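Enquirer:
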Amino acid sequence: ASEATAERDAARREQQREAPDDDVRGAPLTTREFADLWREAENAMGSSTSDVEKGGLVREGNAAGSLTNDSGQHRAQYGRLLFGACEAIAGHLRVTPADIFLDLGHGVGNAPLQVACTVGCESRGIELMEGRHVVYQAMAPELYEAINNMDRIPRVGECNLICGDFCADEHWAYCTDATCVLVNNFNEIFGARGVKAGEKCLDDRVAAIFAAMKPGGRMLTLEPLRALGPSRDEANGLRKRRGLAESDDASYFSYEAVTLEPAPRPWCVDEDDRPTDEPEWVVSWSALPIQAHLYTRLPNSLPDGAAAFLCSARDCCGAKTLENDGAGPTAALDVNKELVTECAFCLAPRRAAPRHKGGTK
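The sequence shown begins at 116 in my numbering and counts up one residue at a time.
#1: So, does the stretch 335-346 touch the stretch 405-414, judging by three or more C-beta pairs under 8 Å?
#2: Taking the alpha-carbon positions, what's the T475 to Y370 distance?
#3: Using DSSP bridges, identify the partner residues of P464.
#4: Compare the beta carbon distance of G358 and A350 with 9 Å and say whether it is the shorter of the two.
#5: Is K476 helix, strand or coil when you go by DSSP?
#6: Checking 9 Å against the spacing of the C-beta atoms, do L208 and G240 come in under that value?
#7: Three or more C-beta pairs closer than 8 Å, one from the stretch 411-431 and one from the stretch 323-332: is that the case here?
#8: What residues match up with R389 in a beta bridge as DSSP calls it?
#9: List the residues that DSSP assigns as beta-bridge partners of I241.
#10: Is the stretch 169-183 close to the stretch 370-383, with three or more CB pairs under 8 Å?
#11: For P70, count neighbouring C-beta atoms within 10 Å of its own C-beta (all shown protein chains included) and say buried if the count is 16 or more, exposed if not.
#12: Please report the distance separating the alpha-carbon of A150 from that of E242.
#13: If we call anything under 9 Å between Cβ atoms a contact, is G199 one with P377?
#14: Please determine, among D318, D348 and G180, the residue with the shortest C-alpha to C-alpha distance to L335.
#15: Could you have a look at I520 and say whether DSSP puts it in helix, strand or coil?
#16: When DSSP builds the beta bridges, which residues end up paired with Q252?
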């Protein structure tokens with residue numbers, strides 16, 4: 116963007132911050148408005164998003180062995196969530212203007228931009244591949260230019276995306292301060308498909324980030340985080356079967372399976388820019404519904420509600436709370452910010468999360 120445009124954007128954001136009431140600041144964009152403005156930005160760029168995605172800036176990193184980093188990652192498969200899916204995800208995450216939304220692996224930045232513009236909250240994102248981040252850096256000014264040309268001043272949240280590795284300690288606070296997190300880890304791309312043999316899965320780092328979030332934090336993933344172990348309801352069900360008392364310290368999260376469905380959308384148009392009843396896909400790579408996994412951090416008895424869990428072994432002192440003459444729960448994170456998956460007292464491994472088939476747990 117030109118210096119004059121950047122100054123105008125800054126002045127407009129300052130006007131929003133200093134506006135005394137919502138009559139001046141206005142409502143956030145609707146998803147339809149955002150979709151229309153995104154297309155205006157594409158026209159200004161001279162290329163559609165789908166065309167840009169066919170180029171090397173975005174495709175780099177898709178092939179196995181195409182990258183190396185300190186995390187042992189050897190590929191970074193690209194895939195984009197479409198407008199309706201992003202709207203649904205914001206709804207499932209219950210994002211409000213007071214939240215901090217984070218996209219782990221933000222690609223070209225469309226999801227955090229959409230949430231910032233349609234909810235009015237702060238949005239963050241971190242993307243490993245520099246080329247994809249460059250596309251975001253080119254697209255965002257054109258989008259803001261289109262927003263600035265609207266007849267009204269919408270309530271748009273700050274969107275601050277960075278290029279980096281979310282496994283790096285320097286980005287730990289940036290990630291864990293978020294209150295709502297989106298993770299497109301579809302088809303094990305943050306699991307065995309994405310890392311070298313013998314290396315820790317990226318999903319383990321994602322699980323650690325979730326465990327470090329404050330109680331009330333939410334995370335939605337496209338593959339389950341089995342390293343987290345059982346949810347509180349599942350853990351208490353096991354405790355009950357083993358004759359142990361149910362406890363809020365049994366686990367540190369709740370779980371819900373949700374399905375993202377293709378559907379006709381009011382912003383969908385055909386190649387001639389005419390409205391169409393064709394269903395909008397959930398994602399850029401498939402016309403099928405996508406099952407997602409919603410995790411909510413629950414408070415525990417450790418200071419500040421830090422994540423913890425009780426052992427499920429009948430004879431372990433770590434199976435009982437301090438109030439019940441036990442040793443109390445095991446902290447879910449160690450000093451190296453890694454997820455703890457065994458009892459601190461008997462070293463029994465924590466049960467893996469069951470393979471969910473839907474519903475709430």
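Ideal Cβ positions, reconstructed from N, Cα and C, are used throughout, including at glycine.
The structure displayed is predicted, hence computed values, not measured ones.
Expert: Taking the geometry as given:
#1: yes
#2: For the purposes of this step, residue 475 is taken as the residue at position 360 of the sequence shown. For the purposes of this step, residue 370 is taken as the residue at position 255 of the sequence shown. For T475, the predicted model reports a pLDDT of 42, less than 50, meaning its position is unreliable and no value from the coordinates is stated.
#3: Here residue 464 refers to the residue found at position 349 of the sequence shown. Note: P464 sits in a beta bridge opposite E457.
#4: Translated into positions along the sequence shown, residue 358 becomes position 243. Translated into positions along the sequence shown, residue 350 becomes position 235. Cβ atoms of G358 and A350: not closer than 9 Å.
#5: Start at 1 with the first residue of the sequence shown, and residue 476 comes out as number 361. Summary for K476: the model assigns pLDDT 44, below 50, so the residue's position carries little reliability; its value from the coordinates is reported in the next sentence. Reduced to three states, the DSSP call for K476 is coil.
#6: Looking up residue 208 in the sequence shown gives position 93. Looking up residue 240 in the sequence shown gives position 125. Result no, Cβ atoms of L208 and G240 do not sit closer than 9 Å.
#7: yes
#8: Numbered from 1 along the sequence shown, position 274 holds the residue referred to as residue 389. Its beta-bridge partners do not exist; DSSP assigns none.
#9: For the purposes of this step, residue 241 is taken as residue 126 along the sequence shown, with counting starting at 1. For I241, which the question treats as bridged, DSSP gives the partners L219 and I277.
#10: no
#11: Residue 70 is absent from the model: the chain starts at 116 and stops at 476.
#12: Counted from its first residue, the sequence shown places residue 150 at position 35. Counted from its first residue, the sequence shown places residue 242 at position 127. Their Cα atoms are separated by approximately 22 Å.
#13: To locate residue 199, count along the sequence shown from 1; it is residue 84. To locate residue 377, count along the sequence shown from 1; it is residue 262. It is a contact, given that the beta carbons lie within the stated cut-off.
#14: Indexing the sequence shown from 1 puts residue 335 at position 220. The candidate whose alpha carbon is nearest that of L335 is D318.
#15: Since the first residue of the chain shown is 116 and the last is 476, residue 520 is not available in this structure.
#16: Position 137 of the sequence shown, counted from the first residue, corresponds to residue 252. None; Q252 has no bridge partner.
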